[in-house]
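Colleague: Pasting a structure here, questions to come.
In this note's numbering, the protein residues as written are 7 to 274.
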């Protein structure tokens, strides 16, 4: 079976600041397969290329060398078809739109006759409301972002990403700005959505604990260097599912965190 995500010997260099030639490496010789339904988290020191990697998977950057495929096609085509969705570090919500209207944006952008035919708008509302229910925001459809907490805003962003029923979800530190209690709550909600929707997830974080708790595998990246692959280590988590917060007190969890921390230190 073909992997849902495939990266083969992928290297990315950005242009030099003066525009003459290529600048330093951002990602080097990155090879990884992610199978359908897998949850993979990427960790690494700041500046190692984690966000660049996610942007390559979302079709926002083209690789300098190597091959990237998502859902059997190019990343850009996967995003355009709705098979792949990206969630940024910040919720990126329009303040003048309600939660429901923000969630409807992907559908609106795909339908040029959205405003010309009111019945078309109404046809999409059940999808938006179902997505909000999925992230436990039923009853908040009419609320604007400024009336929602940071965690609730990020749940709206997740609901928006789900409206096109994607197969792949790319998440760039979506809970990094939240306190530990809210982060734990949203981690559990994310795992519930992942299992209900049979999603394939690539998740970026700086938290080793979060990475181990969420994932099937944790990929540890190091700073890109000539001739050295960006992947320095892969932690096979192997904890039972469904995950519970009590698992964070288990010896197995601590051992995986220790393995990830040592790999991260070695990658610096």
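Beta carbons are placed, not taken as given, at the ideal position from N, Cα and C, and that holds for glycine.
Quick caveat, the model's predicted, so the values are computed rather than measured.
With DSSP as the reference, label residue 223 as helix, strand or coil.
Modeller: In the structure shown, residue 223 sits in a strand (DSSP, three-state: E or B).
Colleague: Considering only residues of the same chain and omitting the five flanking positions on each side of residue 270, which have a CB-CB separation below 8 Å?
Modeller: 49, 50, 51, 214, 226
Colleague: Given a threshold of 16 other Cβ atoms within 10 Å of its Cβ, counted over all protein chains shown, does residue 187 qualify as buried or as exposed?
Modeller: exposed
Colleague: Quick check: what's the CA-CA separation for residue 94 versus residue 163?
Modeller: 9 Å
Colleague: I'd like the ranges of any beta strand (DSSP E) spanning at least 3 consecutive residues and lying wholly in the segment 184–268.
Modeller: Counting only runs of 3 or more, we get 206–210, 223–227, 237–242.
Colleague: Could you check if residue 172 is buried or exposed, using at least 16 other CB atoms within 10 Å of its CB as the buried criterion?
Modeller: buried
Colleague: With 16 other CB atoms within 10 Å as the buried threshold, where does residue 98 fall?
Modeller: exposed
Colleague: Under 9 Å between the Cβ atoms of residue 75 and residue 69?
Modeller: In this structure, residue 75 keeps its C-beta atom at 9 Å or more from the C-beta atom of residue 69.
Colleague: Under 8 Å by Cβ, that's how I've got residue 220 and residue 197 pegged, so tell me the actual separation to the nearest angstrom.
Modeller: 7 Å
Colleague: Can you tell me the Cβ-Cβ gap for residue 58 and residue 42, rounded? I've got them flagged as a contact below 8 Å.
Modeller: Not confirmed; about 24 Å, so no contact.
Colleague: Could you please give the first and the last residue of the uninterrupted beta strand (DSSP E) stretch that includes residue 81?
Modeller: It is not in any beta strand (DSSP E) - residue 81 instead sits in the alpha helix (DSSP H) that spans 81–86.
Colleague: Let me make sure I understand the geometry here. Which of 207, 246, 202, 53 has the alpha-carbon closest to that of residue 11?
Modeller: 207
Colleague: Please report the straight-line C-alpha distance between residue 259 and residue 112, rounded to a whole angstrom.
Modeller: 38 Å
Colleague: State the beta-bridge partners of residue 52 as determined by DSSP.
Modeller: Answer is none; residue 52 lacks a bridge partner.
Colleague: Taking Cβ positions, are residue 38 and residue 178 nearer each other than 9 Å?
Modeller: Not in contact: residue 38 and residue 178 (Cβ atoms no closer than 9 Å).
Colleague: Check for me: the alpha helix (DSSP H) holding residue 159 runs from which residue to which?
Modeller: 156–168
Colleague: Counting C-beta neighbours from all protein chains within 10 Å, is the total for residue 264 16 or more, i.e. buried, or is it exposed?
Modeller: Exposed, since its Cβ has fewer than 16 Cβ neighbours within 10 Å.
Colleague: Does the beta-carbon of residue 134 have 16 or more other beta-carbons within 10 angstroms, so that it is buried, or is it exposed?
Modeller: buried
Colleague: On the DSSP bridge list, what partners appear for residue 73?
Modeller: 14
Colleague: My guess is that residue 138 and residue 175 are in contact by the Cβ rule of under 8 Å, so how many angstroms apart are they, rounded?
Modeller: Going by Cβ atoms, the distance from residue 138 to residue 175 rounds to 17 Å, so no, they are not a contact pair.
Colleague: Pull up the DSSP beta-bridge partners for residue 19, would you.
Modeller: 31
Colleague: Can you say whether residue 240 is buried or exposed, counting buried as having 16 or more other CB atoms within 10 angstroms of its CB?
Modeller: The residue is exposed, with fewer than 16 neighbouring Cβ atoms inside 10 Å.
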